[in-house]
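The structure under discussion appears below in the form of structure tokens.
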Amino acid sequence: MKGTRVRLDVPRSLRMPSSSYSASAASSVSRVLSQPAVNRADAGVGVGVGAGTGARGVSRPSVVIVGAGPRGTGLIERIAANVGESYGSSGAVGAGFDIHLVDPYPPGAGRIWRADQSPLLWMNSQAEDVTMFTDETVRMDGPVREGPTLHEWAGLDGRVFPDRRIQGAYLRWVYARAVAALPEGVTVRHHPYRALRVEGAREGRQRVWLEERSEPLLADLVVLALGHLDAELDDEQGELAKYARAHGLVHLPPDFTADSDLSLLAPGEPVLVRGFGLAFVDLMVLLTEGRGGRYEGDADGSEGSEGSGGAGGSGGSGGELTYRPSGREPVLYVGSRRGVPYHSKIGYDLEGERPPLPRFFGPAEVDELLARADGFDFRRDVWPLVEKELGFAHYHRLFTAHPERTAMAWGDFEEKYAAVGDAGERAVLVASAVPDPADRLDLAALDRPLEGVRYASYEEFQEGLRGYVEGDLSRRHDPDFSADLAVFFGLLSVYGQLIRLGDIGAWWHGFFSYLASGPPGPRLRQMLALSRAGVLRFVGAGMVVAAEDGVFRASSATVPGASVEARALVEARLPEPTVARARDALLRGLYADGGAVETAEGLLAVDPADGRVVDRSGRPHPRRFALGPYTDSRAPGAFTRPRTGGPAFRQNDATARAVLTFLRDLDGRAAA
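Note that full-length UniProt numbering numbers the sequence shown so that position 437 is 437, with each residue one more than the last.
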């Protein structure tokens with residue numbers, strides 16, 4: 001197929017709305033969602049196979065990006081931003097090159113943010129906290145290219161939690177803008193198929209095979225931007241599925257909730273749910289409001305009797321909601337390792353000075369850890385530094401913003417805090433300087449609030465956990481506890497440093513999500529209403545599920561001796577694929593052929609400098625790259641809050657520059 005430049009002016013339907021916010025949020029939502037997805041003409045969909053050719057039939061350089069969601073889109077944005085520097089300010093790109101974007105889902109939004117999903121499903125971030133664009137806080141070699149946040153683009157109140165379709169529209173627009181920013185001579189073609197395998201010598205062009213295609217795409221470079229992956233069942237899930245089939249039960253394994261067949265869960269029947277994070281929140285919404293139930297009352301103006309489609313409010317302390325069942329809901333019995341939901345999103349802004357981070361865990365400390373000949377252990381060597389860093393963020397805010405609640409001047413405390421060694425000495429210092437235990441940072445208690453707690457009955461536990469959630473909501477929306485928000489910024493800073501250490505195990509990522517990536521406040525108020533209505537029941541911490549006597553049975557040490565039986569079990573969490581268990585055929589093929597290796601945690605090993613895939617010999621492949629949560633350089637998201645450094649943006653920039661350098665050198669060799 002002859003290579004042709006796609007002149008992609010940003011479609012009128014995808015241009016940024018006016019920055020005027022006079023229209024109501026509801027009309028803004030309607031306007032944004034009425035915009036069509038990028039169509040085939042806009043996206044430059046490839047209808048042929050193979051690489052493009054120049055005027056004399058000479059094969060053009062090409063890059064295949066597998067994955068067209070936010071990460072693939074972010075990579076194209078960085079390629080567009082860096083191409084001038086790589087090829088010269090004139091904008092000429094030699095013979096040009098082709099970008100082949102491979103994904104069965106639409107470019108920009110991808111699978112997770114696609115348009116055809118329930119409007120009841122919200123983002124987990126406020127509209128003002130979402131951007132796909134770099135700013136001066138991103139530590140990268142490439143140029144900054146600023147752009148609008150989601151709330152600026154959509155004309156929304158920045159404090160609302162938009163539904164996911166709005167984010168999908170924003171991502172489609174970002175993709176269109178990124179492609180439009182590429183210079184003449186660069187083409188982009190979207191191939192709406194799955195990539196099945198990649199092969200080719202280290203020194204030569206790669207062949208990327210697609211489903212339903214008899215010939216491969218030829219590529220000088222391949223970048224995997226696969227996003228969150230599906231996984232084959234592990235041993236436990238496999239046994240549960242087998243048991244369910246044998247006894248006529250329902251077992252829904254870990255999956256993206258929007259893709260699960262929830263019609264299998266019958267009205268009025270008990271359903272065991274293992275997992276209390278964001279996947280559970282989606283499940284809760286789809287099985288209640290999604291089946292015709294509704295809320296009455298006002299939770300800070302975010303919900304009412306008409307339901308919560310479109311966008312959720314900011315979620316202040318709010319009022320009490322009452323849930324009116326439709327009669328089509330099952331009864332959900334939910335538990336998890338912690339036995340409590342993730343902490344609510346914080347509902348206020350930080351006024352005044354942010355903690356000066358990093359302080360005790362920055363580049364120098366990471367360099368020292370990486371330089372150790374015998375390696376490092378996360379719990380022994382890294383966690384003490386992280387704990388001290390988070391404590392510094394907390395107490396800096398407490399002492400500077402709320403000095404009346406301290407018994408020592410900040411300067412004196414800071415000096416002593418820096419000097420103390422272990423956690424025990426630090427606890428003694430804090431106890432002497434912070435009189436109220438509620439003002440002290442206890443990460444262990446935050447992580448396991450039900451540790452050692454026992455209730456005499458399920459009913460007593462229901463009341464107790466409702467009180468816990470109400471207390472969390474109150475604190476997370478009270479600026480008198482702004483040290484909590486300072487810890488959030490500390491978590492972001494720490495995450496940005498930890499990426500350089502590679503595979504540090506799964507515990508940290510779960511801890512981060514539990515504290516920093518919990519549900520919007522309105523969702524927790526809905527949870528309380530469902531509990532009062534008897535539609536939702538809490539099981540407890542350390543939930544154990546047994547498959548016996550023809551049913552599933554759940555129990556927890558939180559309520560000794562109690563258990564609940566059900567004929568349905570839902571694993572409310574995302575799949576946790578290892579490289580070997582990923583359902584992605586391309587990734588598994590690379591692993592089987594020795595073209596990829598997995599870490600101890602099952603992540604894909606990549607070179608942290610630019611994302612090149614490490615093969616079985618331990619060498620980074622010169623022509624293969626990977627970005628995303630399945631790698632050992634995973635960042636906390638493909639998009640981020642403005643002005644927080646954006647680790648994923650930094651990675652995208654490094655990979656884009658490596659890609660462009662390779663293509664430039666390839667072009668130079670061809671010219672010689």
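Backbone N, C-alpha and C define an ideal beta-carbon position, used for all residues, glycine too.
Own chain residues within Cβ distance below 8 Å of residue i, not counting five before or after
| i | result |
| --- | --- |
| R164 | I112, W113, Q117, L121, W122 and M123 |
| T322 | Y295, E296, G297, A529, R532 and A533 |
| Y356 | Sequence check: residue 356 is Pro here, not Tyr. H396. |
| G69 | D103, Y105, G108, A109, G110, R111, I112, W113, L171, A225, G227 and A638 |
Proximity winner among the options, relative to residue i (alpha-carbon distances)
| i | options | result |
| --- | --- | --- |
| G134 | F639, R657, L660 and A658 | According to the sequence as given, residue 134 is Thr; it is not Gly. Checked all of F639, R657, L660 and A658; the closest Cα to T134 is F639. |
| A600 | D255, D610, D607 and A580 | A580 |
| D259 | P341, R354, Y170 and A279 | A279 |
| Y295 | E548, R641, P575 and L524 | L524 |
| A486 | L252, T400, A178 and G147 | T400 |
| A433 | D422, A444, E415 and L446 | E415 |
| A266 | A654, G618, V570 and S633 | V570 |
| R338 | L450, D235, E146 and P192 | L450 |
| H396 | G421, G490 and R324 | G490 |
| L390 | I79, P358, E368 and E146 | P358 |
| F361 | G248, S336 and G496 | G496 |
| G464 | V559, W383, W410 and A546 | V559 |
| L369 | R78, I499 and H100 | I499 |
| R372 | H100, L501 and P522 | L501 |
| R245 | L286, E85 and R567 | R567 |
| A557 | Y458, H509, R466 and L441 | Y458 |
| L75 | R634, H402 and Q651 | Q651 |
| I166 | P119, E211 and R177 | P119 |
CB contact check: residue i to chain E, cutoff 8 Å
| i | result |
| --- | --- |
| Y243 | The structure shown contains no chain E; it holds only a single protein chain. |
Buried/exposed call for residue i, threshold 16 Cβ in 10 Å
| i | result |
| --- | --- |
| R172 | buried |
| G155 | buried |
| W209 | buried |
| D141 | exposed |
| R583 | exposed |
| T661 | exposed |
| L663 | buried |
| K345 | buried |
| P363 | exposed |
| V38 | Since pLDDT at V38 reaches only 43, below the 50 mark, its modelled position is unreliable, and no value is offered. |
| S617 | exposed |
| S563 | exposed |
| V428 | exposed |
| L272 | buried |
| D349 | exposed |
| G668 | exposed |
| K388 | buried |
| E289 | buried |
| R426 | buried |
Beta-carbon contacts of residue i that lie in its chain and below 7 Å, excluding the five residues immediately before and after
| i | result |
| --- | --- |
| L586 | V66, A195, L196, R197 and V198 |
| R448 | R338 |
| G327 | P267 |
| R324 | G293, R294 and E296 |
Cβ-based neighbour list, residue i, same chain, cut-off 6 Å, excluding 5 preceding and 5 following
| i | result |
| --- | --- |
| A658 | D610 |
| A483 | H394, R397 and L398 |
| P341 | F276 |
| T131 | T149 and P642 |
| R623 | Q206 and L221 |
| S86 | L660 and R664 |
| D480 | none |
- Only counting runs of 4 or more residues, tell me where the alpha helix (DSSP H) segments fall wholly within the region 469 to 539, in order along the chain. 483 to 498, 506 to 516 and 521 to 533
- Query: So, do the region 189 to 209 and the region 583 to 594 have three or more beta carbon pairs nearer to each other than 8 Å?
  - Reply: yes
- Item | Segments assigned alpha helix (DSSP H), at least 4 residues, entirely inside the region 526 to 605 | 585 to 592
- Query: If we count Cβ pairs, one from each stretch, closer than 8 Å, do we get three or more for the region 245 to 260 versus the region 603 to 617?
  - Reply: no
- Query: Between the region 64 to 72 and the region 216 to 231, do three or more beta carbon pairs fall short of 8 Å?
  - Reply: yes
- May I ask you to verify whether the region 375 to 393 touches the region 547 to 559, counting CB pairs closer than 8 Å and requiring at least 3? no
- Message: Would the region 429 to 447 count as touching the region 537 to 545 if we require 3 or more Cβ pairs under 8 Å?
- Response: no
- Please specify which runs of the alpha helix (DSSP H), each continuous and at least 4 residues long, are wholly inside the region 154 to 182, giving them in chain order. 164 to 180
- Item | beta strand (DSSP E) segments (min. 3 residues) lying fully within the region 122 to 159 | none
- Message: Quick check for students: name the residue ranges of the alpha helix (DSSP H) that lie wholly in the region 227 to 304, counting only runs of 4 or more.
- Response: 235 to 247 and 278 to 287
- Taking contact to mean at least 3 C-beta pairs separated by less than 8 Å, is the region 627 to 642 in contact with the region 222 to 241? yes
- Query: Would the region 502 to 512 and the region 417 to 428 be scored as touching if the rule is three or more Cβ pairs under 8 Å?
  - Reply: no
- Which runs of the alpha helix (DSSP H), 4 residues or longer, sit entirely within the region 616 to 663? none
- Task: Mind listing, in chain order, the continuous alpha helix (DSSP H) runs of no fewer than 4 residues lying wholly within the region 329 to 392?
- Result: 363 to 371
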